[in-house]
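Structure first, then comments.
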Amino acid sequence: MSSSPLIVRKIFSQVEETRLVAGAADAGGPLRKVAVCAVLKNPYAGKGFVEDLSELVDASQEVGALLGAEAVRLLGAPVESYGKGGLVGTAGEQEHINAALTSVFGNAFREAIGGGKAWITSATKVSAPGAIIDVPLAFKDEVWVRSHYDAFEVRIPDAPLADELVVIAAVANRGRINARVGGLTVDEFRAGASS
2 MSSSPLIVRK IFSQVEETRL VAGAADAGGP LRKVAVCAVL KNPYAGKGFV
52 EDLSELVDAS QEVGALLGAE AVRLLGAPVE SYGKGGLVGT AGEQEHINAA
102 LTSVFGNAFR EAIGGGKAWI TSATKVSAPG AIIDVPLAFK DEVWVRSHYD
152 AFEVRIPDAP LADELVVIAA VANRGRINAR VGGLTVDEFR AGASS
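Heads up: the sequence shown begins at 2 in the working numbering, then just goes up one per residue.
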């Protein structure tokens, strides 16, 4: 991150591959989920209320591109689902991490993973190091595809420190294994989109 005013302490990645659910698999193969997290210095930590959060909004474009590219590399397959999330340390406020996850971040993240038409699901909270956050996932081209409603549990043992942000980009290669609650399917969406 050369031109960004944000200081990156570390990049943390988490990969999970599920092959069976309730002892059964389906024709879609393993479900692979990846979360890539940037642990950043929060430029607004300890400053009280700050009206203009544009420093985080503007710098988040580079963060989105970086995390998206690394997520694709670790996934090793086309992205079908995505989500974003974040944690802010106790010297900041939730709005700080939300500023790092606006459409500026989202558009760069989408471009890095090869596109996506649906809004990107999100979750944020104030926390201490080692907190757990469930990052929601949904099909990248149509939020109404129920088979892809999912989440990925993320935890970084030493982050966020009080003056830090953790920006998280999450992706998956498919929907839930053995999904069977109906609704619009990926195939139906693709058939409708091509007509």
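Glycine is no exception: its CB is placed at the ideal position from the N, C-alpha and C atoms.
(request) Can you give me the Cβ contacts of Gly-107 inside the same chain, cut-off strictly under 6 angstroms, excluding the 5 residues immediately before and after it? (result) Within the sequence shown, the letter at position 106 stands for residue 107. Hits under 6 angstroms: Ile-121.
(request) Pull up the CB-CB distance for Val-35 and Ala-72, whole angstroms please, since I reckon it's below 8 angstroms. (result) Numbered from 1 along the sequence shown, position 34 holds the residue referred to as residue 35. Numbered from 1 along the sequence shown, position 71 holds the residue referred to as residue 72. That pair is a contact at about 5 angstroms.
(message) Am I right that Ala-171 and Tyr-45 are in contact with their C-beta atoms under 8 angstroms? What's the rounded C-beta distance?
(response) Walking along the sequence shown from the start, residue 171 turns up at place 170. Walking along the sequence shown from the start, residue 45 turns up at place 44. Not quite, the Cβ-Cβ distance comes to about 24 angstroms (not below 8 angstroms), so this is no contact.
(request) Please state whether DSSP places Arg-175 in a helix, a strand or coil. (result) As a position in the sequence shown, residue 175 is number 174, starting the count at 1. Correct three-state label for Arg-175: coil.
(message) Quick test of your reading: Val-146 and Leu-185, contact by CB under 8 angstroms. State the CB separation rounded to the nearest angstrom.
(response) As a first step, residue 146 is located in the sequence shown; it is residue number 145 there, counting from the start. As a first step, residue 185 is located in the sequence shown; it is residue number 184 there, counting from the start. So it is a contact: roughly 5 angstroms between Cβ atoms.
(message) Once DSSP output is grouped into helix, strand and coil, what is the label at Leu-57?
(response) Position 56 of the sequence shown, counted from the first residue, corresponds to residue 57. Of the three classes helix, strand and coil, the one that applies to Leu-57 here is helix, per DSSP.
(request) Please determine, among Phe-140, Ile-98, Ser-128, Phe-50, the residue with the shortest C-alpha to C-alpha distance to Lys-118. (result) Counting from one through the sequence shown, the residue named residue 118 turns up at place 117. Nearest C-alpha to Lys-118: Phe-140.
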